[in-house]
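These notes are about the structure you will find just below.
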Amino acid sequence: MKKYLSDNCKLFFFSDETEVVRDADVTVGASDILFQSWSGIYLCDELADEMLNIVEQVHRTTLNQTMNESVSWKAWVSIMKFLHVFIFSNIHVCGKQKRPEIVRRMVFNAICHTQLEVRREAADCLTALIHCGFHSITSCYIKELFELTNHEILCKRHGAVLALSAVIRAFPFTIPRLVFDMIPKYCQLGISRDSLTRNTVTETLRSFLRTHHDKMIEMDEKDVIEKLLLLIQNVISPNYYV
1157 MKKYLSDNCK
1167 LFFFSDETEV
1177 VRDADVTVGA
1187 SDILFQSWSG
1197 IYLCDELADE
1207 MLNIVEQVHR
1217 TTLNQTMNES
1227 VSWKAWVSIM
1237 KFLHVFIFSN
1247 IHVCGKQKRP
1257 EIVRRMVFNA
1267 ICHTQLEVRR
1277 EAADCLTALI
1287 HCGFHSITSC
1297 YIKELFELTN
1307 HEILCKRHGA
1317 VLALSAVIRA
1327 FPFTIPRLVF
1337 DMIPKYCQLG
1347 ISRDSLTRNT
1357 VTETLRSFLR
1367 THHDKMIEMD
1377 EKDVIEKLLL
1387 LIQNVISPNY
1397 YV
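Residues in the sequence shown are numbered consecutively from 1157, following my numbering.
Shown next as structure tokens:
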């Protein structure tokens, strides 16, 4: 079982960047096994560890290749897609022992990746992990992300913005106090010189407003809500950057 799992994981993750797999049918079959079967079934502790160990091994390999091989980012995208479904389907098993730490480390590395596609996929994965309760949110975590938005390296700055966006998007039915309190500071990122940051903030706030506008109007803190809505409207206005 372990050998079968290991072989199929490696077939899929490295199919885009090595010559191990040349047969497209084998690649598609390995993909189906991962995303339709393995990622969605309930696993025991031993098999969950085996799955995460293999994924982390691929993650470490591509981490060392990122600066030298432009195609290695595709393996990162595959890892994030896999973790998205795998953790969501096995949240109780994956929440034990050191597994959450392993997953958080991989997602954080991916969300700060130099390739935009990897960062976006990692942000989607992070949104799902927060939404299902696997990744807890604290004021310290949000503070660290805001501090990272000032990093001198663009991919790290943008990764922090995407992580903040993931926090906001992770609650489609409620507005936790932590999210409510971070919105004004998040809006300030809308005046960033980075077009990636501006676009991410604008898109996130538009989504937030579409989802929560009616709920916000019904809240008791009328003055606070009006100021917050004004801040959001200023950022998402088409004329804001003219």
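Using N, Cα and C, we set each Cβ at its ideal position, and we do this for glycine too.
Self-check item: As assigned by DSSP and simplified to three states, the class of I1331
Solution: coil
Quiz item: Exposed or buried, which one is H1369 when buried takes at least 16 other CB atoms within 10 Å?
Solution: exposed
Quiz item: By how many angstroms is the C-alpha of P1340 removed from the C-alpha of K1383?
Solution: 9 Å
Exercise. Please list, in chain order, all residues of the same chain as T1353 whose beta carbon is under 7 Å from its beta carbon, the five residues on each side excluded.
Key: R1313, H1314, V1317 and L1345
Quiz item: R1260 to E1374, Cα distance in whole Å?
Solution: 36 Å
Quiz item: Which value, in whole angstroms, describes the spacing of the CA atoms of L1203 and I1331?
Solution: 36 Å
Exercise. For K1254, name the three-state secondary structure that DSSP assigns.
Key: coil
Quiz item: Going straight from the alpha carbon of V1233 to that of N1390, what length do you get?
Solution: 34 Å
Practice problem: Starting from the Cα of R1325, find the closest Cα among N1265, A1231, V1211 and T1358 and give me that residue. | Solution: T1358
Quiz prompt | Residues of its chain near L1361, where Cβ-Cβ distance is below 6 Å and the 5 sequence neighbours each way are ignored | solution = I1388, V1391 and I1392
Quiz item: Roughly how many angstroms separate the alpha carbons of N1224 and H1269, rounded to a whole number?
Solution: Note that N1224 has pLDDT 42, beneath the 50 cutoff, so the model's placement of it is unreliable and no number is given.
Self-check item: Buried versus exposed call for L1386 [16 or more other C-beta atoms within 10 Å across all chains shown]
Solution: exposed
Practice problem: Please determine if the stretch 1244-1252 and the stretch 1292-1299 are in contact, where contact requires at least 3 C-beta pairs separated by less than 8 Å. | Solution: no
Self-check item: Pair within 7 Å by beta-carbon distance, I1267 and A1231
Solution: no
Quiz item: When you compare only the Cα positions, how much space is there between S1228 and F1302?
Solution: 28 Å
Quiz prompt | Contact belief for F1244 with A1279 at Cβ below 8 Å, rounded distance in angstroms | solution = Not confirmed; about 15 Å, so no contact.
Self-check item: Alpha-carbon spacing of I1286 relative to D1379, whole angstroms
Solution: 30 Å
Quiz item: Cα separation between A1212 and A1322?
Solution: Before going further, note that residue 1212 is Glu rather than Ala in the sequence given. Taking the straight line from one Cα to the other gives about 22 Å.
Quiz item: To the nearest angstrom, how far is it from the Cα of L1199 to the Cα of N1246?
Solution: 7 Å
Practice problem: Can you grab the Cα-Cα spacing for the pair V1182 / D1337, in whole Å? | Solution: 49 Å
Quiz item: Who are the Cβ neighbours of L1310 in its own chain at under 8 Å, not counting the five residues just before and after it?
Solution: D1350 and L1352
Exercise. Compare the C-beta of K1237 with all C-beta atoms of chain C and state if any pair is closer than 7 Å.
Key: The displayed structure is made up of one protein chain only, and chain C is not part of it.
Exercise. Would you grab the beta carbon distance between C1288 and L1239 for me? Rounded to a whole angstrom, and I think it's under 8 Å.
Key: In fact, because the Cβ distance is near 12 Å, the residues do not count as touching under 8 Å.
Quiz item: How about T1367 and P1328: are their beta carbons less than 7 Å apart?
Solution: yes
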